[in-house]
Amino acid sequence: MRIRTLLGFLVLAAVMPTGDAFAGKKDATEQPQGAADELAIQKTGLASMDQFFGQVQGQLDRLHGARRDMQTGSDNLAVALGLATGTPVQSALQDLRSKAQGKVKVALDGRVPKLQASDAVPENVQKGIDAVNTLVDADLAAAAACQEVATQAGPLAQEAPGMVGRVPAEAKSAGLKVTEIPGVTKKVKHNVDVTRSLPDEAQKTLTVAQGNVDLVATTFAE
């Protein structure tokens with residue numbers, strides 16, 4: 001079985017995505033941007049609301065963590081190769097391939113694609129190999145985490161819109177003034193928007209992670 005076929009099986013087995021989460025990649029190395037990057041849950045002052053949206057913030061924190069780990073892996077690869085921080089993964093892999101002069105191949109370590117040198121290589125190439133292998137581990141872990149976020153955030157995204165209608169009664173029970181209700185409602189609506197965006201943002205990041213792993217296999221496959 002060729003490495004490309006095995007890689008597809010590896011990623012599917014590792015993260016068990018649903019639907020077409022991996023379809024339509026134009027630039028899989030481009031880190032997705034959106035509400036999950038820029039926004040966070042706001043405290044409303046209503047206990048039940050904050051408890052509910054606290055669950056969302058927990059999932060949002062996991063997504064942020066996955067993205068940070070992916071970015072760190074990408075930055076470390078660039079540094080290892082003497083490239084500028086922010087160099088796209090695809091460009092860094094091509095640079096490593098050029099510097100390796102055919103002495104680096106991709107193989108499977110158990111079920112994880114890894115680079116290895118087939119002959120003696122310069123120190124910077126070896127550092128690049130090590131950085132790529134670390135990046136693969138980070139991306140696979142991020143993909144698995146994002147699949148869990150997408151799954152767990154789905155029911156929250158469905159339930160969140162109903163929170164807006166509960167604000168007046170809960171604000172009254174909490175002893176808030178009538179003049180304070182509009183501000184609380186605005187925060188709840190903000191939180192609803194973030195919650196509804198979370199499953200899609202997690203799927204986008206999962207796609208990026210899988211795309212990075214694909215690039216390692218295709219760049220160095222024979």
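If you read the sequence shown in the working numbering, its first letter stands for residue 1, the second for the next number, and so on.
By construction, the Cβ of each residue, glycine as well, lies at the ideal position given by its N, Cα and C atoms.
In angstroms, rounded to a whole number, what distance separates the CA positions of Arg68 and Gln152?
-> 20 Å
Does DSSP classify Leu115 as helix, strand or coil?
-> strand
Exposed unless 16 or more other CB atoms sit within 10 angstroms - verdict on Glu201 | buried
Leu108 in three-state terms, based on DSSP | strand
What are the boundary residues of the alpha helix (DSSP H) that includes Leu63?
-> Ala47 to Ala80
Which of helix, strand or coil does DSSP assign to Pro155?
-> DSSP places Pro155 in the helix class (H, G or I) of the three-state scheme.
State the Cα-Cα distance for the pair Asp95 and Ala157, rounded to the nearest angstrom.
-> 42 Å
Can Phe220 and Val104 be called in contact, C-beta distance under 8 Å?
-> yes
Out of curiosity, what's the CA-to-CA distance linking Pro155 and Lys189?
-> Cα-Cα distance, rounded: 17 Å.
Taking 7 Å as the line, does the beta carbon of Gln152 fall inside it for any heavy atom of the ligand GTP?
-> This structure lacks the ligand GTP; in fact it carries no ligand of any kind.
State yes or no: is the C-beta of Gln101 within less than 8 Å of the C-beta of Ala107?
-> Contact flag unset, no.
Does the distance from the C-beta atom of Met49 to that of Glu170 stay below 8 Å?
-> A distance below 8 Å separates the beta carbons of Met49 and Glu170.
Enclosing alpha helix (DSSP H) for Val213 [first to last residue] = For Val213, the enclosing alpha helix (DSSP H) has its first and last residue at Ile181 to Phe220.
Taking the C-alpha atoms as reference points, what is the distance between Arg2 and Pro113?
-> Only weak support is given to the placement of Arg2: the predicted model assigns it a pLDDT of 46, under 50, and the value that follows is read from those uncertain coordinates. Looking at the two C-alpha atoms, the distance is approximately 12 Å.
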